[in-house]
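Shown next, in C-alpha coordinates, is the structure this report addresses.
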Amino acid sequence: MARNHGFSNASRLAADAVPYRSSSGGTAVIALVKATFVVPQPGAPAVLQDAQPAVRINEVLVDPDAPSRGEESSIRYPSDIGLKKPGADLLIVGDAVPRTKARAADVAVRAKGRTVTLRVHGDRAFVWSPMGLGMSVAAMFERAPVTYERAYGGRSADGTLVDWRNPVGRGVHRNERELDGKLAPCIEDPGVSYRAGQDYLPYGFGALATHWTERKRHAGTFDAGWQRTRMPLPPEDFLDAFFHVAPPALRFEEPFSPGDPVAVLGMSEAGLFNFTVPRLVVKVFEKREDGKTIEHRPRADLLLVEPERSTFELTFREVLRVGRGPGRLREVRVDVD
1 MARNHGFSNA
11 SRLAADAVPY
21 RSSSGGTAVI
31 ALVKATFVVP
41 QPGAPAVLQD
51 AQPAVRINEV
61 LVDPDAPSRG
71 EESSIRYPSD
81 IGLKKPGADL
91 LIVGDAVPRT
101 KARAADVAVR
111 AKGRTVTLRV
121 HGDRAFVWSP
131 MGLGMSVAAM
141 FERAPVTYER
151 AYGGRSADGT
161 LVDWRNPVGR
171 GVHRNERELD
181 GKLAPCIEDP
191 GVSYRAGQDY
201 LPYGFGALAT
211 HWTERKRHAG
221 TFDAGWQRTR
231 MPLPPEDFLD
241 AFFHVAPPAL
251 RFEEPFSPGD
261 PVAVLGMSEA
271 GLFNFTVPRL
281 VVKVFEKRED
291 GKTIEHRPRA
301 DLLLVEPERS
311 TFELTFREVL
321 RVGRGPGRLR
331 EVRVDVD
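Numbered per UniProt numbering, the sequence shown spans residues 1 to 337.
Here is the structure:
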(Lines of atoms letter the chains of each structure in order from A; the text may use other names.)
(Lines give C-alpha, C1' and ligand atoms only; values in the text may rest on other atoms or scores of the structure.)
Protein backbone atom coordinates (compact mmCIF):
# COMPACT_ATOMS: atom_id res chain seq x y z
CA MET A 1 0.00 0.00 0.00
CA ALA A 2 1.62 3.26 -1.12
CA ARG A 3 2.27 6.10 1.28
CA ASN A 4 0.35 9.24 0.27
CA HIS A 5 1.04 11.41 3.28
CA GLY A 6 4.05 13.35 4.48
CA PHE A 7 6.19 12.04 7.30
CA SER A 8 8.88 13.67 9.44
CA ASN A 9 10.82 12.52 12.47
CA ALA A 10 12.20 15.23 14.75
CA SER A 11 13.41 12.72 17.34
CA ARG A 12 16.59 10.67 17.70
CA LEU A 13 14.50 7.52 17.68
CA ALA A 14 13.67 5.09 14.89
CA ALA A 15 10.27 5.96 13.46
CA ASP A 16 8.06 5.33 10.44
CA ALA A 17 4.46 5.82 9.31
CA VAL A 18 3.20 2.74 7.50
CA PRO A 19 -0.07 2.49 5.52
CA TYR A 20 -2.26 -0.38 6.68
CA ARG A 21 -5.77 -1.68 6.02
CA SER A 22 -7.87 -1.49 9.16
CA SER A 23 -10.12 -4.36 10.23
CA SER A 24 -13.14 -2.31 9.12
CA GLY A 25 -11.72 -1.92 5.62
CA GLY A 26 -10.64 1.70 5.87
CA THR A 27 -7.14 2.91 5.17
CA ALA A 28 -5.07 3.66 8.26
CA VAL A 29 -1.54 4.76 9.00
CA ILE A 30 0.44 3.16 11.80
CA ALA A 31 2.88 5.60 13.34
CA LEU A 32 5.68 3.48 14.81
CA VAL A 33 8.37 4.74 17.14
CA LYS A 34 11.10 2.53 18.58
CA ALA A 35 13.68 3.42 21.21
CA THR A 36 16.67 1.16 21.91
CA PHE A 37 18.49 1.54 25.22
CA VAL A 38 21.75 0.20 26.66
CA VAL A 39 22.12 -0.67 30.35
CA PRO A 40 25.85 -0.11 31.15
CA GLN A 41 25.66 -2.46 34.13
CA PRO A 42 22.78 -4.30 35.80
CA GLY A 43 20.53 -1.88 37.65
CA ALA A 44 22.16 1.24 36.19
CA PRO A 45 20.08 3.92 34.45
CA ALA A 46 19.34 3.04 30.84
CA VAL A 47 21.07 5.14 28.17
CA LEU A 48 19.60 5.79 24.74
CA GLN A 49 21.73 3.94 22.19
CA ASP A 50 23.58 6.21 19.75
CA ALA A 51 22.70 4.18 16.64
CA GLN A 52 18.98 3.43 16.69
CA PRO A 53 17.98 0.25 14.78
CA ALA A 54 15.31 0.88 12.16
CA VAL A 55 11.67 -0.03 12.56
CA ARG A 56 11.27 -3.70 11.55
CA ILE A 57 8.93 -4.06 8.61
CA ASN A 58 9.61 -7.80 8.32
CA GLU A 59 10.17 -10.37 11.06
CA VAL A 60 13.64 -11.84 11.62
CA LEU A 61 13.77 -15.63 11.99
CA VAL A 62 15.89 -17.68 14.37
CA ASP A 63 16.95 -19.71 11.31
CA PRO A 64 16.74 -17.40 8.26
CA ASP A 65 17.57 -20.28 5.90
CA ALA A 66 14.69 -22.49 7.06
CA PRO A 67 12.16 -21.34 4.39
CA SER A 68 14.60 -22.15 1.58
CA ARG A 69 14.73 -25.73 2.93
CA GLY A 70 10.94 -25.94 3.10
CA GLU A 71 11.04 -25.76 6.89
CA GLU A 72 9.69 -23.43 9.55
CA SER A 73 11.60 -21.34 12.04
CA SER A 74 10.57 -19.51 15.16
CA ILE A 75 10.85 -15.72 15.25
CA ARG A 76 13.84 -13.97 16.81
CA TYR A 77 12.54 -10.43 16.27
CA PRO A 78 8.89 -9.82 15.32
CA SER A 79 7.79 -7.28 12.75
CA ASP A 80 6.77 -3.98 14.31
CA ILE A 81 3.81 -3.69 11.91
CA GLY A 82 0.40 -4.25 13.45
CA LEU A 83 -2.64 -2.40 14.73
CA LYS A 84 -3.13 -1.59 18.40
CA LYS A 85 -3.17 -4.53 20.80
CA PRO A 86 -5.31 -4.60 23.96
CA GLY A 87 -2.29 -4.37 26.29
CA ALA A 88 1.46 -4.88 26.08
CA ASP A 89 3.95 -7.62 25.24
CA LEU A 90 7.26 -8.57 26.84
CA LEU A 91 9.78 -10.64 24.86
CA ILE A 92 13.15 -11.98 26.01
CA VAL A 93 15.68 -12.93 23.32
CA GLY A 94 18.76 -14.98 24.19
CA ASP A 95 20.24 -18.04 25.87
CA ALA A 96 20.21 -19.68 29.25
CA VAL A 97 23.62 -18.96 30.81
CA PRO A 98 24.23 -20.89 34.05
CA ARG A 99 26.86 -19.71 36.54
CA THR A 100 28.86 -22.89 35.91
CA LYS A 101 28.50 -25.64 33.35
CA ALA A 102 25.26 -27.49 34.08
CA ARG A 103 22.76 -30.03 32.76
CA ALA A 104 19.81 -27.78 33.64
CA ALA A 105 19.33 -24.19 34.74
CA ASP A 106 16.37 -21.99 35.57
CA VAL A 107 15.78 -18.68 33.82
CA ALA A 108 13.24 -16.14 34.98
CA VAL A 109 11.76 -12.77 34.09
CA ARG A 110 9.97 -10.40 36.42
CA ALA A 111 7.89 -7.42 35.30
CA LYS A 112 4.78 -5.62 36.52
CA GLY A 113 4.65 -7.77 39.66
CA ARG A 114 4.69 -11.05 37.73
CA THR A 115 7.47 -13.67 37.66
CA VAL A 116 7.72 -16.31 34.93
CA THR A 117 10.31 -19.09 35.35
CA LEU A 118 11.44 -21.75 32.88
CA ARG A 119 13.78 -24.71 33.33
CA VAL A 120 16.22 -25.15 30.46
CA HIS A 121 18.01 -28.47 29.93
CA GLY A 122 21.01 -29.33 27.82
CA ASP A 123 20.25 -31.39 24.72
CA ARG A 124 18.75 -34.78 25.46
CA ALA A 125 17.37 -37.48 23.20
CA PHE A 126 14.56 -40.00 23.30
CA VAL A 127 15.66 -43.60 23.90
CA TRP A 128 13.50 -46.63 23.18
CA SER A 129 14.10 -49.76 25.26
CA PRO A 130 12.17 -52.89 26.31
CA MET A 131 10.96 -50.78 29.24
CA GLY A 132 9.42 -48.26 26.87
CA LEU A 133 10.32 -44.71 25.91
CA GLY A 134 12.76 -42.72 28.02
CA MET A 135 15.24 -39.89 27.66
CA SER A 136 19.00 -39.71 27.83
CA VAL A 137 20.74 -37.67 30.49
CA ALA A 138 20.86 -34.03 29.42
CA ALA A 139 24.18 -32.82 28.05
CA MET A 140 26.22 -30.33 30.05
CA PHE A 141 26.06 -26.82 28.64
CA GLU A 142 27.51 -23.35 29.16
CA ARG A 143 24.72 -21.69 27.21
CA ALA A 144 21.57 -23.02 25.58
CA PRO A 145 19.14 -21.16 23.30
CA VAL A 146 15.75 -20.36 24.81
CA THR A 147 13.84 -20.86 21.54
CA TYR A 148 10.70 -22.73 20.58
CA GLU A 149 12.81 -25.18 18.54
CA ARG A 150 13.92 -26.64 21.89
CA ALA A 151 10.43 -26.67 23.45
CA TYR A 152 7.64 -29.22 23.13
CA GLY A 153 5.79 -29.30 19.81
CA GLY A 154 6.64 -30.10 16.21
CA ARG A 155 5.32 -32.72 13.82
CA SER A 156 5.03 -36.49 13.74
CA ALA A 157 7.51 -38.45 11.61
CA ASP A 158 5.02 -38.77 8.74
CA GLY A 159 4.05 -35.10 8.95
CA THR A 160 0.36 -35.82 9.44
CA LEU A 161 0.18 -34.68 13.07
CA VAL A 162 1.18 -31.09 13.80
CA ASP A 163 1.09 -29.22 17.08
CA TRP A 164 0.14 -25.76 15.88
CA ARG A 165 0.79 -24.32 19.33
CA ASN A 166 4.46 -24.71 18.37
CA PRO A 167 5.03 -26.43 15.02
CA VAL A 168 8.83 -26.00 15.23
CA GLY A 169 9.26 -27.91 18.51
CA ARG A 170 10.08 -31.49 19.53
CA GLY A 171 8.15 -34.46 20.86
CA VAL A 172 4.97 -34.79 18.78
CA HIS A 173 4.48 -38.34 17.54
CA ARG A 174 1.96 -40.88 16.29
CA ASN A 175 3.70 -43.74 18.07
CA GLU A 176 6.45 -43.59 20.66
CA ARG A 177 8.89 -45.77 18.71
CA GLU A 178 9.27 -43.08 16.05
CA LEU A 179 10.85 -40.80 18.64
CA ASP A 180 13.80 -43.13 19.31
CA GLY A 181 17.05 -41.21 18.77
CA LYS A 182 15.36 -37.87 18.18
CA LEU A 183 15.95 -34.78 20.27
CA ALA A 184 13.56 -34.33 23.18
CA PRO A 185 12.04 -31.10 24.54
CA CYS A 186 14.47 -29.16 26.72
CA ILE A 187 12.35 -26.27 28.05
CA GLU A 188 9.91 -26.94 30.88
CA ASP A 189 7.75 -25.46 33.57
CA PRO A 190 9.87 -26.11 36.70
CA GLY A 191 6.75 -27.23 38.55
CA VAL A 192 5.67 -29.82 35.97
CA SER A 193 8.52 -31.82 34.44
CA TYR A 194 8.18 -33.27 30.95
CA ARG A 195 7.90 -37.07 30.77
CA ALA A 196 8.98 -38.89 27.62
CA GLY A 197 6.10 -39.36 25.22
CA GLN A 198 3.55 -37.19 27.01
CA ASP A 199 1.55 -34.32 25.53
CA TYR A 200 2.97 -31.16 27.04
CA LEU A 201 2.76 -27.39 26.72
CA PRO A 202 5.31 -25.41 24.70
CA TYR A 203 7.16 -22.89 26.85
CA GLY A 204 9.29 -19.93 25.84
CA PHE A 205 9.92 -16.21 26.10
CA GLY A 206 9.86 -15.45 22.36
CA ALA A 207 7.42 -14.15 19.77
CA LEU A 208 4.62 -16.31 18.37
CA ALA A 209 3.91 -16.56 14.64
CA THR A 210 0.53 -15.46 13.28
CA HIS A 211 -0.49 -19.00 12.25
CA TRP A 212 0.30 -20.58 15.64
CA THR A 213 -2.72 -21.52 17.74
CA GLU A 214 -2.42 -18.82 20.39
CA ARG A 215 -2.65 -16.04 17.80
CA LYS A 216 -4.74 -17.73 15.13
CA ARG A 217 -7.59 -18.35 17.58
CA HIS A 218 -8.12 -14.59 17.70
CA ALA A 219 -8.12 -14.19 13.91
CA GLY A 220 -11.79 -15.11 13.53
CA THR A 221 -13.76 -17.56 11.41
CA PHE A 222 -12.70 -17.94 7.79
CA ASP A 223 -15.65 -19.88 6.36
CA ALA A 224 -17.98 -19.70 3.35
CA GLY A 225 -19.93 -16.89 4.98
CA TRP A 226 -16.75 -14.86 5.35
CA GLN A 227 -15.91 -15.51 1.68
CA ARG A 228 -19.34 -14.26 0.58
CA THR A 229 -19.66 -11.20 2.78
CA ARG A 230 -16.29 -10.04 4.15
CA MET A 231 -13.32 -11.21 2.09
CA PRO A 232 -10.68 -9.72 1.94
CA LEU A 233 -11.50 -8.00 5.26
CA PRO A 234 -10.99 -9.86 8.55
CA PRO A 235 -13.95 -11.87 9.87
CA GLU A 236 -16.48 -10.09 12.06
CA ASP A 237 -15.29 -12.14 15.06
CA PHE A 238 -11.68 -11.00 14.61
CA LEU A 239 -10.18 -9.84 17.93
CA ASP A 240 -7.42 -7.27 18.40
CA ALA A 241 -5.71 -9.76 20.75
CA PHE A 242 -4.40 -11.25 17.49
CA PHE A 243 -1.78 -8.48 17.47
CA HIS A 244 -0.22 -9.70 20.72
CA VAL A 245 3.06 -11.41 19.81
CA ALA A 246 4.18 -12.59 23.27
CA PRO A 247 3.19 -15.89 24.90
CA PRO A 248 0.23 -15.48 27.28
CA ALA A 249 2.41 -15.44 30.41
CA LEU A 250 4.21 -12.35 29.10
CA ARG A 251 1.17 -10.32 28.06
CA PHE A 252 0.02 -7.47 30.24
CA GLU A 253 -3.19 -5.47 30.41
CA GLU A 254 -1.40 -2.12 30.69
CA PRO A 255 1.39 -0.62 28.54
CA PHE A 256 4.87 -0.26 30.00
CA SER A 257 5.36 2.97 31.94
CA PRO A 258 8.33 4.97 33.27
CA GLY A 259 9.52 3.48 36.54
CA ASP A 260 8.42 -0.09 35.77
CA PRO A 261 11.18 -2.43 37.09
CA VAL A 262 12.20 -5.35 34.85
CA ALA A 263 14.60 -8.17 35.77
CA VAL A 264 15.87 -11.19 33.83
CA LEU A 265 17.75 -13.92 35.71
CA GLY A 266 20.01 -16.57 34.21
CA MET A 267 20.30 -15.21 30.66
CA SER A 268 23.53 -13.23 30.87
CA GLU A 269 27.04 -13.81 32.19
CA ALA A 270 26.33 -11.35 35.00
CA GLY A 271 23.49 -13.61 36.14
CA LEU A 272 21.03 -10.77 36.72
CA PHE A 273 20.08 -8.19 34.11
CA ASN A 274 17.76 -5.58 35.54
CA PHE A 275 16.69 -2.04 34.73
CA THR A 276 13.89 0.45 35.16
CA VAL A 277 11.83 1.61 32.18
CA PRO A 278 13.02 5.18 31.56
CA ARG A 279 10.85 8.24 31.11
CA LEU A 280 10.26 8.85 27.42
CA VAL A 281 7.34 10.95 26.18
CA VAL A 282 6.67 10.13 22.53
CA LYS A 283 4.51 12.56 20.57
CA VAL A 284 2.76 11.77 17.30
CA PHE A 285 1.17 14.70 15.47
CA GLU A 286 -1.40 14.19 12.73
CA LYS A 287 -2.11 17.13 10.44
CA ARG A 288 -5.25 17.15 8.30
CA GLU A 289 -5.93 18.83 4.96
CA ASP A 290 -8.10 21.42 6.73
CA GLY A 291 -5.09 22.46 8.83
CA LYS A 292 -6.25 20.79 12.03
CA THR A 293 -3.43 19.21 14.05
CA ILE A 294 -3.98 16.56 16.72
CA GLU A 295 -1.33 15.42 19.20
CA HIS A 296 -1.15 11.81 20.46
CA ARG A 297 1.06 10.42 23.21
CA PRO A 298 1.26 6.65 22.67
CA ARG A 299 2.57 4.38 25.39
CA ALA A 300 4.96 1.46 24.92
CA ASP A 301 3.12 -1.72 23.94
CA LEU A 302 6.20 -3.89 23.32
CA LEU A 303 9.31 -4.34 25.43
CA LEU A 304 11.96 -6.58 23.86
CA VAL A 305 14.93 -7.43 26.08
CA GLU A 306 18.30 -8.92 25.09
CA PRO A 307 20.12 -9.57 28.37
CA GLU A 308 23.40 -10.74 26.82
CA ARG A 309 23.62 -7.54 24.78
CA SER A 310 22.56 -5.40 27.76
CA THR A 311 19.91 -3.75 25.58
CA PHE A 312 16.17 -3.39 25.38
CA GLU A 313 13.70 -1.90 22.90
CA LEU A 314 10.50 0.01 23.61
CA THR A 315 8.00 0.20 20.75
CA PHE A 316 5.22 2.78 20.60
CA ARG A 317 2.40 2.87 18.06
CA GLU A 318 -0.48 5.14 17.16
CA VAL A 319 -3.07 4.14 14.55
CA LEU A 320 -4.34 7.10 12.52
CA ARG A 321 -7.39 7.16 10.26
CA VAL A 322 -6.60 8.47 6.77
CA GLY A 323 -10.07 9.84 6.01
CA ARG A 324 -11.29 11.82 3.00
CA GLY A 325 -11.84 15.38 1.85
CA PRO A 326 -10.83 18.28 4.12
CA GLY A 327 -10.29 15.84 6.97
CA ARG A 328 -7.86 13.65 5.04
CA LEU A 329 -4.52 12.93 6.68
CA ARG A 330 -1.82 15.14 5.16
CA GLU A 331 1.20 14.71 7.41
CA VAL A 332 2.52 12.66 10.33
CA ARG A 333 5.26 14.02 12.57
CA VAL A 334 7.10 12.29 15.42
CA ASP A 335 8.86 14.05 18.29
CA VAL A 336 9.82 13.39 21.92
CA ASP A 337 10.03 15.42 25.12
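Yeah, the Cβ is synthetic: ideal placement off N, Cα and C, and Gly gets one too. Note that the structure is predicted; figures quoted are calculated from it, not measured.
What do you get for V109, buried or exposed, if any count of 16 or more other CB atoms within 10 angstroms of its CB means buried?
The residue in question, V109, is buried, as its Cβ has 16 or more Cβ neighbours within 10 Å.
Given a cut-off of 8 Å, decide if L250 and V116 are closer than it, judged by their beta-carbon atoms.
Contact flag set, yes.
Give the DSSP-derived three-state secondary structure of D50 in the structure shown.
Here D50 sits in coil by DSSP.
With burial defined as no fewer than 16 other Cβ atoms inside 10 Å of the residue's Cβ, what is the status of S74: buried or exposed?
Looking at its Cβ environment, which holds 16 or more other Cβ atoms inside 10 Å, S74 is buried.
What number of angstroms, rounded off, separates the C-alpha of G220 from the C-alpha of S79?
Between G220 and S79, the C-alpha separation is close to 21 Å.
Please report how far the alpha carbon of F141 lies from the alpha carbon of R99, in whole angstroms.
Approximately 11 Å between the Cα atoms of the pair.
Classify I92 as buried or exposed, calling it buried when 16 or more other Cβ atoms lie within 10 Å of its own Cβ.
By the 10 Å Cβ count, I92 comes out buried.
What residues in its chain sit with their C-beta under 6 Å from that of P145, if we drop five residues either side in the sequence?
Excluding residues within five positions, the ones whose Cβ falls inside 6 Å are D95.
Would you list the one or two residues that DSSP bridges to V55?
Looking at the DSSP assignment, V55 forms no beta bridge with any residue, so it has no partner.
Please check the pair F312 and F37, which I expect to be a contact at CB under 8 Å, by giving their CB distance rounded to whole angstroms.
About 6 Å separates the two Cβ atoms, so the contact holds.
Determine the extent of the alpha helix (DSSP H) in which K34 is found, giving its start and end residues.
Looking at the DSSP string, K34 is not in any alpha helix (DSSP H); the run it does join, the beta strand (DSSP E), is T27 to V38.
May I ask which residues mark the beginning and end of the alpha helix (DSSP H) holding W226?
Start and end: A224 to T229.
Go ahead and pull the three-state DSSP assignment for F205.
F205: coil per DSSP, three-state reduction.
Answer with buried or exposed for N166, where buried requires no fewer than 16 other C-beta atoms within 10 angstroms of its C-beta.
By the 10 Å Cβ count, N166 comes out buried.
Of all the options A263, P307, L48 and A209, which has the alpha carbon lying nearest to the alpha carbon of K112?
Nearest option by C-alpha distance: A263.
Which of the three DSSP states is assigned to L161 in this structure?
Residue state, collapsed to three classes: coil.
In or out: H247 buried (at least 16 other Cβ within 10 Å) or exposed?
Note that residue 247 corresponds to Pro in the displayed sequence, not to His. The residue is buried, with at least 16 neighbouring Cβ atoms inside 10 Å.
Along the chain, where does the beta strand (DSSP E) containing T147 start, and where does it finish?
Counting along the chain, T147 falls outside any beta strand (DSSP E), and DSSP gives it neither H nor E.
Mark E71 as exposed unless 16 or more other C-beta atoms lie within 10 angstroms of its C-beta, in which case mark it buried.
Exposed: under 16 other Cβ atoms inside 10 Å.
What is the C-beta distance between L233 and G25, in whole angstroms, given that I count them as a contact (C-beta under 8 Å)?
Contact flag correct, Cβ pair sits at about 5 Å.
For the beta strand (DSSP E) containing T315, name the first residue and the last one.
That run of the beta strand (DSSP E) goes T311 to R321.
Within 10 Å of its beta-carbon, does D337 have 16 or more other beta-carbons around it, so buried, or fewer, so exposed?
Classification for D337: exposed.
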